[in-house]
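Report on the following structure.
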Amino acid sequence: MPGQGETEEDHEQQKSKKPADTAFKQQRLPAWQPIITANTALPVFLIIGLTFIPIGIVLVITSERVLEHDIDYTDTNCMSTTAANTTCAQALENANYTGQTCTCRINFALDKSFDGDVYFYYGLINYYQNHRRYVRSRDDNQLLGKEGAAASECQPFQKNSTGSGKDYAPCGAIANSKFNDTLSLLYGSENVSVTNVGIAWSTDKAVKFKNPDNASNYFTSTHDKPPNWKVTAWELDESTSENNGYQNEDFIVWMRTAAMPTFRKLYRKLLRNSTFQNGLPKGDYTLVVTYNYPVTSFAGRKQFIISTTSWMGGKNPFLGWSYIAVGIVCMITFVVFFILHKTWKINNPFTYQMASIQNNQRITTT
Amino acid sequence: VSPKQKAEVVELIKRSTDDITLAVGDGANDVGMIQTAHVGVGIMGREGVQAACASDYTIGQFRFLTKLLFVHGVWSYRRLCKVLLYSFYKNICLYVMELWFAFHNGFSGQILFERWTIAIYNVLFTAAPPMALGLLDRCCSAETMMRFPAMYKMSQNRSDFNIKVFWTWCLNAVYHSIILYFMSYAMLRHDVAYSNGQVGDYLLLGNMIYTYVIFVVCLKAGLESDSWTFLTHIAIWGSIASWFLFFIIYSNIWPTIPLAPEMRGMAKYVFSSLYFWLGLLLIPITALLADFIYNW
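Here the protein sequences come in this chain order: A and B.
Letter by letter, the first sequence follows residues 1 to 366 in UniProt numbering.
Letter by letter, the second sequence follows residues 1 to 296 in UniProt numbering.
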């Protein structure tokens, strides 16, 4: 701001051009001028160290308490029950995945009981749901049940151009690649009771996904099912109409595109009744897989994941260890600088006094 | 001495040295000299206004020249340098993260953040801190600057903006972006961020990181600020608050307003995740720890 002084006042009392003498305009605003000294910085490091390390320990312990069991069923684990010496992956490739299904049974044991709520996920590896062309390939207006043509972003899964010419419902690559394996658990010979309610985001289910009017007609006659689907959207859960069509929770969960190429999605939640009142008991289990979803062509892998949760979430000790690490770094910094500060003060009493005086008067020299 | 000769003297100095020249004058015969010099200062007064009209800076009396140089000159230099460096820093910090994300999305060009939040980053959420730095920051009071004219040297030797300083700030920005991205990535790698077992999507990660970036970038402005006026406080805390406000509103407009379907429900799910809050305590502090030590 250039300084402006008074104009010469004529004897004709001209209006003064002098700018207002306020603190803001004259750059005199009161200010806190923080100079980081040892007295202010050292306590900061100490406090950070003393709070972060306990937090970290709590978080690590919490994560260690979460129990998780992963089963990779992509190829060799999942042997077809019908064709001899073939994995389901091979069976799917041979049949060109049209119409044929493959089932397999995988036996495993839980050596600890999973107490409390237990969640079942399917995990995919090397699957890029975060690819740009994939992420944009959806039509959110269609998913609201609105009338109108499917959006062009859905191409090449917009409409059945080689066949009937009808739009796909739902359109787009995300919808078309919906995960369609079925996974169920047997405890000995007993079915493990699960529910598929409450697996999707509540806002998605309530607001973003709505079936159109006259849904049955919409999904079966006026629109086609996506090319890779075996059934139409109206057959996703025929027993529960709120979970059918676009409002199917498995579908909604799938449409939330994952951030990383290794991800998991919530599949089912344990229904805690009779045998499973307290969770999954220790013992022998069998995973029954209807293997529909081909991943071997792009070196992808599939997993079935059983996990409990903590008050925070799943099993991930990273945050806990980070807190501990940063806390330790702060404590080390504190100790090092504390020693330096004290020894410098001892070795240079005069300079230290001068520096204190200077700090108090807030004079800086170049 | 004629006007032309005055101008030629300035020209001579300009040509034979590397120095920046300043010419001050009050009459019409000084106009040539004022215009030839790098910085022209005109004195508006008894001799008329021609010199003032031709100049870069106008003062009312000759004695104000000292204040112009020693106070406003130094302040302006330091402020300008800070604003420049900070503007590069805050943009590099945010946008380089798209590069780190590219390593994880097959280099497909998918953005981690929602497109309008990216666009409004410079316009709304990080606009106020550089303004506070550029308009209000001062290392010392005006009285101190006048009492110790030797401080003027600070603005003459390229100390605040040169190649080394510039690249240091750029590297600092990259360092912050690495910490912000990779710590958040590791924090959410297993996806399950809720006690009810649900998982999120790429925007959940993106919005968490974006919030951390706003914190880091605004607090960095505070760290670089030599003087915190109440307007500086408003600029920094207000920017952070404006992001929270925008985020909450933006997460609730679809489908009432046909915009941003992918953001629907985001605020609720970000704020209800304990991972977010724990990360908020840890990750910005981790990023700024080195800067804090360096400033100390």
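For every residue, glycine included, the Cβ atom is placed at its ideal position computed from N, Cα and C.
- Taking CB atoms only, T333 (chain A) has a neighbour in chain B less than 9 angstroms away.
- Uninterrupted alpha helix (DSSP H) stretches at least 4 residues long and entirely within the region 168–208 of chain A occur at 173–176, given in chain order.
- Residue-level contact check: D250 (chain A) does not touch chain B, since none of the beta carbons of chain B fall below 9 angstroms from its beta carbon.
- D72 (chain A) is a Cβ neighbour of R301 (chain A), given a cutoff of 9 angstroms.
- DSSP, read as helix, strand or coil, puts W228 (chain B) in strand.
- Residue burial annotation: T40 (chain A) is exposed, with fewer than 16 other C-beta atoms found within 10 angstroms of its C-beta.
- Here DSSP, grouped into helix, strand and coil, assigns R132 (chain A) to helix.
- Taking 7 angstroms as the cut-off between beta carbons, the residues of the region 121–137 of chain A near chain B are Y128, N130, H131, R132, R133, V135, in sequence order.
- A direct Cα-Cα distance of roughly 10 angstroms separates T21 (chain B) from I34 (chain B).
- Taken through DSSP and simplified to helix, strand or coil, S307 (chain A) comes out as strand.
- Apart from the 5 residues on each side of it in sequence, A299 (chain A) sits with its Cβ closer than 6 angstroms to the Cβ of N126 in its chain, given in chain order.
- Looking from the CA of R256 (chain A), the closest CA among B:Y250, B:Y269, B:N157 belongs to B:Y269.
- Look at L65 (chain B) here: in three-state DSSP terms it is helix.
- N105 (chain B) sits close to N130 (chain A), with the two beta carbons spaced by under 9 angstroms.
- Setting aside the 5 residues that flank it on each side, T195 (chain A) is surrounded in the same chain by K269, L271, each with a C-beta closer than 6 angstroms to its C-beta; the list follows chain order.
- Excluding the 5 residues flanking it on each side, D237 (chain A) has same chain C-beta neighbours closer than 6 angstroms at N243, N244, N248, in chain order.
- The alpha-carbon separation between A20 (chain A) and G27 (chain B) amounts to approximately 28 angstroms.
- Taking 9 angstroms as the threshold, the shortest C-beta distance from D213 (chain A) to chain B does not fall below it.
- Residues of chain B whose Cβ lies closer than 8 angstroms to the Cβ of V326 (chain A) are, in chain order, L282, I285, T286, L289.
- For a Cβ distance threshold of 8 angstroms, residue set L319 of chain A lies close to G279 (chain B), ordered along the chain.
- Using a C-beta cut-off of 8 angstroms, the region 246–262 of chain B makes no contact with the region 172–179 of chain B, since fewer than three inter-stretch Cβ pairs fall below that distance.
- From the listed residues A:E190, A:L29, A:W321, the smallest Cα separation to I53 (chain A) is found for A:W321.
- Taking the beta carbon of M183 (chain B) as reference, the chain A residues within 7 angstroms of it are S322, listed in sequence order.
- Ranking B:E143, B:Y95, B:I13 by CA distance to the CA of Q26 (chain A) puts B:E143 first.
- Counting only Cβ-Cβ distances below 7 angstroms, V96 (chain B) has no contacts in chain A at all, with the closest Cβ about 18 angstroms away.
- Straight-line measurement puts the Cα of S216 (chain A) at about 41 angstroms from the Cα of W311 (chain A).
- W229 (chain A) has no beta-bridge partner at all, per DSSP.
- In summary, Y294 (chain B) is exposed, with fewer than 16 beta-carbon neighbours lying within 10 Å of its beta-carbon over all protein chains present.
- Take E262 (chain B), set aside five residues on each side of it, and the residues of its chain with a beta-carbon closer than 7 angstroms to its own are E114, L203, in chain order.
- A Cβ-Cβ separation of about 33 angstroms leaves T62 (chain A) out of contact with T182 (chain A) under the 8 angstroms criterion.
- The Cβ atoms of T232 (chain B) and S242 (chain B) do not sit closer than 9 angstroms to each other.
- Three or more pairs of CB atoms, one per stretch, sit closer than 8 angstroms, so the region 143–161 of chain B contacts the region 67–75 of chain B.
- Chain-ordered, the chain A residues with CB closer than 7 angstroms to the CB of W296 (chain B) read I36, A41.
- At the C-beta level, I234 (chain B) and A128 (chain B) come within 9 angstroms of one another.
- Contact residues of the region 23–34 of chain B toward chain A are absent (C-beta to C-beta distance below 9 angstroms).
- Residue pairing by DSSP puts M79 (chain A) in a beta bridge opposite A:T87.
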